[in-house]
Every structure is written in structure tokens, then in C-alpha cells.
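Quick note: the sequence shown, position 172, residue 990 per the numbering used here, numbers continuous. For glycine and all other residues, C-beta sits at the position ideal for the given N, C-alpha and C. These numbers were taken from a predicted model, which means no experiment stands behind them. Data first, discussion second: the structure below is written as C-alpha cells.
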Amino acid sequence: MSFKGFKRSIEEGDTVILYLTIHQIYSIKAETKTLSKKGTLVENVFQTPYGALKCGTLIGKEFGTKVNLSKGWGYVLQPSPELWTITLPHRTQIIYTPDISMILLQLELSPGSNIIESGTGSGSLSHALIRAVKPHGHLYTFDFHEQRVQTAKSEFKDHGLSDWVTVVHRDVCNFGFGEDLDKKIDAVFLDLPLPWLAIANAQKTIKDVGGRLCSFSPCIEQVQKSCLVLSKLGFQEIQTLEVLQTQYSVQTRSMGTLDIDFVKMKKDNQMPDKKDKEIIRTITCIPPNSQPGHTGFLTFATLPPLWARSIELSSNSE
Ligand SMILES: C[S@@+](CC[C@H](N)C(=O)[O-])C[C@H]1O[C@@H](n2cnc3c(N)ncnc32)[C@H](O)[C@@H]1O
819 MSFKGFKRSI EEGDTVILYL TIHQIYSIKA ETKTLSKKGT LVENVFQTPY GALKCGTLIG
879 KEFGTKVNLS KGWGYVLQPS PELWTITLPH RTQIIYTPDI SMILLQLELS PGSNIIESGT
939 GSGSLSHALI RAVKPHGHLY TFDFHEQRVQ TAKSEFKDHG LSDWVTVVHR DVCNFGFGED
999 LDKKIDAVFL DLPLPWLAIA NAQKTIKDVG GRLCSFSPCI EQVQKSCLVL SKLGFQEIQT
1059 LEVLQTQYSV QTRSMGTLDI DFVKMKKDNQ MPDKKDKEII RTITCIPPNS QPGHTGFLTF
1119 ATLPPLWARS IELSSNSE
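See the structure below:
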């Protein structure tokens, strides 16, 4: 699947994933020409450890095709949110796939959901959110950094996603999400340095039937402040968790197998006419030498339906 849907052949301007090895994956543009640092149009050539690729030669090729580089070869793949996350140009810290999968599940997103995200940052999470809510839902993504807003807008346009996303330049802690979104939103996601300052504004946007909120924070002090505000504002089911992924490596290895008959015969002082160990080649599953480190804490909470909120608040005040 490309960002928008299945596509067979590469057209001029398409974003293409160039796959060389599991650790050498790049996103490139299928364009014949590109702007040089001096502002002149030059041939678009992408340099890899296995030599150069003239990006214009990809136009007309089918996705999945093997392509020749000057000193090797690779495959050209359709882009997806997962591949974009590992190849995108970083403008900020980004959210990675293990956290993204938990966010999509816990926010209960489905096609048709309306979701708010802040900050947009490098748009890593945004691509996964758009895929989860399209074709009938919408992502409203906010950032107070003007350049990042412009770059995200042009990336979404390039990827054919503009129909499902609105990018807004705003400080959501001080100015909220805008009255237009009041009571229209199913779920809110915050990746901000001071998320607790945006929670009351986020609450206003959630539908009367209730909704979910998630805040991603690297530090536990941020989590503590956010949880206190969530609780005070009547959010329930407040839960903080950390996603630690263990990735096993599948490899074919030579291994010795113990011959039980031989062990038994040896115990009985009989000497069989064969070796005690046979070496076989077999598929193995190797645990990692080191575990990926902490990315951040994910705090989830539910805003109950309006009728339940008033009961809850009145019972709290008694
Ligand atoms: C860590 S980045 C978000 C990365 C994003 N989740 C991703 O996966 O690419 C945090 C972003 O929040 C923005 N930001 C910080 N405070 C903000 C505020 N008060 N209002 C809007 N955006 C804010 C920053 O400009 C930055 O781009």
C-alpha cells in the first residue's frame, strides 16, 4: 500500500522506499531533476553505500522491482506509515512504531474517527493516525513552530493525504484548539513538553458521548503533573504504561544435538560406534544482546459521557 492506497507503477514525484538491507532503507523521490544547494536544477542522483541511483530511472517501474545501483542493487517499495517512520527526515524527536501501535489501539481509532494531535513535529505519528481514520475521519494536527507546520503540510500534500488532515499553526497550551472543534472530537493525542497545560483545552473538544486522551512524555515528572490535571478534570481509567519491544532475530545456525541413546549406552558402559553429537543446520530465534531503551511514558485516560460526568462531579463535591 502506498500512503493513499495500492499503486502499481511509480510516477514522477512519487515517494518511493529504497530497500537495500534491513538496516539500509531510505525514502526517495522519483524525480528526474532536483534543486542543488545553489538553487539550480540538476540531475536527481541518490547516493547509497552500494553506489548511485538516478531517481528519474524509477519512473514507470513497478513497485517491488529490483533496481540496479552503480555497485549493487536494491528494491523499490510502496511507502507506508511504518516505512515512513524509519526513513523520514527528522525535524524533531519522533514517535516510533511500538508506541504508535499502542496509541492506535488505546485511542480506539477506526475509519470515521476525528482526532486531534499536538505537536505535529516530523509527522511520524500523523501518517499512522491518518491511515487509521480515513476515509471518513479526519486528523487535526497542531504545532506552534511555523516552519514545521509548512513542511508537514507540503509532505501531506505530496503523499496525497490532504483530504484527511488539517495542519494548524497554533500554541495549543495558550490558545486551545479553536471553537470550531468543540465537542467534535473522538480522541486527543498530546506530545508536548508541558502537556498538562493543554488538557483543559483538549477536554472542550471531546464529544458529549465521551472520548479518549493520550499524552506521550519522556519524563515521569511530566506524567505526574498530567495525571493530576486529568483526575481533577474528571477523566477516568487513567493508566500510564511504557512499551518495550523485544525484537528476535531469526537466523539459520549450526547446532549440536545430543543423542540420548548414546548418553544411555555410555551410562551402561557400552561404547557405541558413533559420535555423541550430531551437527545440524537449523532455524533459530536469537534474543537481542541489548534491549532498546526508554522512549516515553504513554498516559491514557477516558472522558466519560456528559451525563456521567455531571454525576461524577457532583458525587466528588459531596
Ligand atoms: C516531539 S515533537 C512531536 C513529534 C511527533 N509526535 C512525531 O511523531 O513526529 C513536539 C512538537 O510539539 C511542538 N510544540 C511544543 N509546544 C507546543 C505548543 N504549546 N503548542 C503547539 N505545539 C507545540 C513542537 O514545536 C514540536 O514540533
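Can you give me the start and stop residues for the alpha helix (DSSP H) that residue i sits inside?
{"i": "Asp976", "result": "Glu964 to Asp976"}
{"i": "Trp891", "result": "Not the alpha helix (DSSP H): Trp891 falls in the beta strand (DSSP E), residues Gly890 to Leu895."}
{"i": "Asn862", "result": "From DSSP, Asn862 is part of no alpha helix (DSSP H); its letter is neither H nor E."}
{"i": "Ile948", "result": "Ser942 to Val951"}
{"i": "Leu901", "result": "Pro899 to Thr905"}
{"i": "Asn1107", "result": "Segment: none, Asn1107 is in no alpha helix (DSSP H) and carries neither H nor E."}
{"i": "Phe993", "result": "Val990 to Phe993"}
On the premise that residue j lies in contact with residue i, defined as a C-beta separation below 8 angstroms, what is that separation, rounded to the nearest angstrom?
{"i": "Val834", "j": "Leu901", "result": "That belief does not hold up - the Cβ atoms of Val834 and Leu901 are roughly 10 angstroms apart, past 8 angstroms."}
{"i": "Ile1056", "j": "Ala1119", "result": "5 angstroms"}
{"i": "Ser1072", "j": "Ile1097", "result": "5 angstroms"}
{"i": "Ser980", "j": "Pro897", "result": "About 16 angstroms; that fails the 8 angstroms criterion."}
{"i": "Ile843", "j": "Thr905", "result": "6 angstroms"}
{"i": "Thr1023", "j": "Asp1000", "result": "6 angstroms"}
{"i": "Ile921", "j": "Leu957", "result": "Incorrect: roughly 13 angstroms between the Cβ atoms, too far for contact."}
{"i": "Asp1004", "j": "Asn932", "result": "5 angstroms"}
{"i": "Gly955", "j": "Pro916", "result": "Contact flag wrong, Cβ pair sits at about 23 angstroms."}
{"i": "Gly890", "j": "Gly874", "result": "With a Cβ gap of about 19 angstroms, Gly890 and Gly874 do not count as contacting."}
Pull up the DSSP beta-bridge partners for residue i, would you.
{"i": "Gln924", "result": "According to DSSP, which records beta bridges pairwise, Gln924 is partnered with nothing at all."}
{"i": "Lys822", "result": "DSSP, once it has assigned bridges, lists no residue as partnering Lys822."}
{"i": "Leu979", "result": "In DSSP, Leu979 forms no bridge with anything."}
{"i": "Met1073", "result": "Ile1098"}
{"i": "Ile1024", "result": "Ile1003"}
{"i": "Gly869", "result": "Thr866"}
So the beta strand (DSSP E) residue i belongs to, where does it begin and stop?
{"i": "Glu1039", "result": "Segment Ile1038 to Lys1050 is the alpha helix (DSSP H) holding Glu1039; no beta strand (DSSP E) there."}
{"i": "Arg1030", "result": "Gly1029 to Ser1035"}
{"i": "Ser845", "result": "Gln842 to Lys847"}
{"i": "Ala1119", "result": "Phe1115 to Leu1121"}
{"i": "Phe801", "result": "Since the displayed the chain opens at 819 and closes at 1136, residue 801 lies outside it and no answer follows."}
{"i": "Val1061", "result": "Careful: Val1061 lies outside any beta strand (DSSP E) and carries neither H nor E."}
{"i": "Asn932", "result": "Asn932 to Ser936"}
{"i": "Asn886", "result": "Lys884 to Leu887"}
{"i": "Thr852", "result": "Lys851 to Leu853"}
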